[in-house]
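Residue numbers (the UniProt record's numbering): 1 to 727.
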């Protein structure tokens, strides 16, 4: 080796293949002139690129003349790499991955360099041996897979595992793998089930035996011995459940019947299970119920009848009867408490508001028969008499008299036009005395009105209903206030600073414009702003709300009433009418009288009221300085539709069943959807109410009430409003 003084490159001694200007081919020993790239004798390449500098070097050259790379070592590394591939191919073949093995060896056998002919020969030998093994084993695997398929088709899982488990997963088809996995799992399940059955038999544990036998029948449906054993165990379980039923242990009987294998569930089982499930449902209806209701009494009687005289049912009947005949918690209540005074999670004692103290309702049979369902109508009539919290309404503000205010009336009708008909009251005011109920009527609509009702049909139904009412009742000459559905209303609640009326009005107008999602000239609005607070209440500011309805709806609604022959004096949304009623009814409770209050903590006595109507549920909170209300479309008619669907009965029949589920053939399943829907309502009502209470420290709920026909649905009050922490 020497360094060229002119280029500075390393020069290597010429290889033995270079002789007097000729290049000898290492593959065939033929002599080639210098400058040729391939051997003229065999076509083999004479040069290759240097592994380090990529410059051309002779195949038998020891070192690169440009960079000094050790070409012998480079060739040795390449040879080792090819030998490593052969080893990898052999290992793949041992794992029965013959495709991978063939692919690796193909890389080696494609090599044409004469310097690796021994390695290439080794690779070809290995390829021949692996091809032979592959042919033998793949043929054997195919035979095993075919046999396993036949075994699988006849349900012989043990044979499937025997044939396929010894084969490499590389030789299995996807279907064979699936069959092996299923068969293995089945055998493991059978082994576990058989062990469990053996243990249960030793303990004479027939309930566990029944469950395990049911599992075995699912795993081996054609095994006659298992089927016969399941029939025997099923008879034992039915006999045990019958004994438990006769001793009034229905919950335990139901658990036993659940363990009867399916194959043993004949007519005797079906009759017994139907009876047990009904009685279990009936017996479970009293836990947590707050009030002694006629519905609860009917359920207790049905429990007694179907349980062949269960003493607990007899005691429950006596208990409910005694509570119904006894005094109620307050004169407002519709029902007496079943135990101690019930409390609501909202706050304070809970009651069904049926007989308001603020109204002299006398002895009107219609009022008492539908007690608690006229509160919206009362709120309408009260506002017509100039009473209530909110003074504005949605009727068009036209003419001087409208702008200056209505003349105070001493007699007024309130017509609650709802989805199921009209609830109408006529109140008369005589000075400082309580308003007196002089008339009370209820008119039912045969086909309930819903949001999905076509507009033209809805308009016609409103006109027809009102025409029918006017034909039956003389109201001409008396102001009439009418409600419209809460679904047409958009309400926003704001907190304004404690400033004077003139300033607060300007601030409120700005809030209204920013919060109502419609142009102001397209809506009719009702506004309310809380009173100017005293020094102790400045922290709460001046709460206010705006409620808006589309003028297009208001105009069409009034037009329909006018075409029916009704002259409307005032138009109010259902929630606001309810709010006005509550403000009059609970005026003493929420009055802002703080002269004797030494408590520095600001707390406002508040009442909560929940009204469940036919299509809408409304919740409101009311204090002497603030109010909130929310409505959403879910009510009693939804429960009726669910019962109608479950029982395949008419709407009218389902309405009766809804309030008397004891008459259902399968209450445990037919009433289940109603219970689920009530629970969903509870979650929604609880969130909106609790969030508001949590965000206003001044709220102190003293009493909670509910009203409306929907609350009479069995379980509504318990699930929606009762404090269930200790239940």
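All C-beta atoms, glycine included, are put in the ideal place defined by N, C-alpha and C. All values reported here derive from a predicted model rather than from experimental measurement.
Taking the Cβ atoms as the reference, residue 716 lies roughly 10 Å from residue 709, outside the contact range of under 8 Å. Collapsing the DSSP output to three states places residue 245 in a helix. For residue 632, no alpha helix (DSSP H) run applies; the uninterrupted beta strand (DSSP E) run containing it begins and ends at 627-632, by DSSP. The alpha-carbon separation between residue 358 and residue 630 amounts to approximately 24 Å.
When C-alpha distances from residue 639 are compared across 40, 632, 651, the shortest belongs to 651.
Looking at the DSSP output, residue 608 bridges to 621, 704.
Here residue 332 carries a coil assignment [DSSP, helix/strand/coil]. Relative to residue 499, the option among 479, 544, 518 whose CA is nearest is 544.
Taking all protein chains shown into account, residue 658 has 16 or more neighbouring C-beta atoms within 10 Å of its C-beta and is therefore buried.
Annotation: the continuous alpha helix (DSSP H) that includes residue 269 extends over 267-283.
Remark: C-beta atoms of residue 577 and residue 548 do not approach each other more closely than 9 Å. Comparing C-alpha distances from residue 384 to each of 324, 77, 478 shows the shortest one belongs to 478. Within the DSSP secondary-structure output, residue 547 pairs in a beta bridge with 491, 526.
The C-alpha of residue 504 lies about 11 Å from the C-alpha of residue 531. Residue 211 and residue 338 have their C-alpha atoms roughly 40 Å apart.
In the DSSP assignment, residue 481 falls within the beta strand (DSSP E) that extends over 480-484. Contact annotation: the region 308-322 does not touch the region 680-691, with fewer than three C-beta pairs closer than 8 Å. Taking 8 Å as the upper bound for CB-CB distance, residue 415 and residue 424 are in contact here, some 5 Å apart. Judged by DSSP in its simplified three-state form, residue 290 adopts coil rather than helix or strand.
The criterion of a C-beta distance shorter than 9 Å is satisfied by residue 317 and residue 301. Separation of residue 341 and residue 350 (C-alpha to C-alpha, rounded to the nearest whole angstrom) is 8 Å. Using a 10 angstroms sphere on the CB of residue 258, the tally of other CB atoms stays under 16, which defines it as exposed. DSSP places residue 147 within a helical segment (H, G or I) once states are collapsed to three. As a beta-bridge residue in DSSP terms, residue 63 pairs with 70.
Here the region 477-492 lies against the region 569-576, with 3 or more beta-carbon pairs under 8 Å apart. Look at the beta carbons and you see the region 694-701 not touching the region 660-668: under three pairs across the two are nearer than 8 Å. With 16 or more other Cβ atoms inside 10 Å of its own Cβ, residue 382 counts as buried. Taking a cut-off of 8 Å for Cβ pairs, the region 235-242 and the region 217-224 do not touch, as fewer than three such pairs fall below it. Within the same chain, 643, 657 come within 8 Å of residue 649 by CB-CB distance, once the 5 residues on both sides are set aside. Distance between residue 285 and residue 296, taken at the CA atoms: about 8 Å. When DSSP states are grouped into helix, strand and coil, residue 297 belongs to the helix group. In the DSSP assignment, residue 344 is bridged to 722.
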